[in-house]
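Numbering-wise, the sequence shown is residues 0 to 159 according to numbering that gives the first Met the number 0.
What follows is a set of notes on a single structure, which appears directly below.
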Amino acid sequence: MDDAMDDDIRALYQEVILDHGKNPRNFRHPDDAPLEAHGNNPLCGDKLTVYVRLGEGDTIEDAAFEGRGCAISIASASMMTGILRGKTVAEMERLFGAFHTMCTGEGEIDAAAGREFEDDIDKLRVLSGVKQFPMRVKCATLAWHTVNAAILGEQGASTE
Ligand code: ZN
């Protein structure tokens, strides 16, 4: 769609972002989440802590977050934590790659990942408008960088 994205779709996307921004899902500090990392996007002031628990076969059994930031950063974390539950770490990395491509607008989403994660990519598409605003790309991808840091055992992720 891109340039042809019509105003109705744009308004719908905006509504979804505002809903997640105001009522974020998985906004909590789980008792049992051994992995966590802090994400910081100083350009916008977004600060997130992401909590993860892995199970057998590196499956993400729980993902949650706390923090504050703009509607885009919170909406992205809200959607991401829901989508990642039940996925393996390898799946998370592939989906992050596809999402990152969607947000930057640089290049095409890998075709195999596009098929594998069709439903998730459809949901995440509401955030794809950030590609017109390079600073906003950092807001949209902060939660993903942070969950990746948590899983790699790094303390934090910064967009700087
Ligand atoms: Zn932001």
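Backbone N, C-alpha and C define an ideal beta-carbon position, used for all residues, glycine too.
Neighbourhood of Ala36 by C-beta, 7 angstroms cutoff - its chain only, sequence neighbours within 5 removed: Val49, Thr145, Ala148, Ala149, Glu153, Gln154, Gly155 and Ala156
Sub-7 angstroms separation of Ala71 and Ala139 beta-carbons: The question names Ala, yet the displayed sequence has Ile at residue 71. Yes, these two residues count as a Cβ contact at 7 angstroms.
Nearest to Gly85 (by Cα), restricted to the options Ser75, Ile59 and Leu94: Ile59
Proximity below 7 angstroms, CB of Arg67 to CB of Asp61: no
Simplified DSSP state of Phe64, which is helix, strand or coil: strand
Which residues DSSP lists as bridging Phe26, in chain order: Phe64
Sub-7 angstroms separation of Arg135 and Gly81 beta-carbons: no
Range of the contiguous alpha helix (DSSP H) that encloses Thr58: Where Thr58 is concerned, there is no enclosing alpha helix (DSSP H), given that its DSSP letter is neither H nor E.
7 angstroms Cβ cutoff met for Lys137 and Thr158: yes
Cut-off 7 angstroms between Cβ atoms - residues of its own chain near Asp5, not counting five sequence neighbours on either side: none
Local conformation of Ala32 per DSSP, three classes: coil
Counted within 10 angstroms of its Cβ, other Cβ atoms place Ala39 as buried (16 or more) or exposed: Looking at the sequence shown, residue 39 is not Ala but Asn. Burial call: buried.
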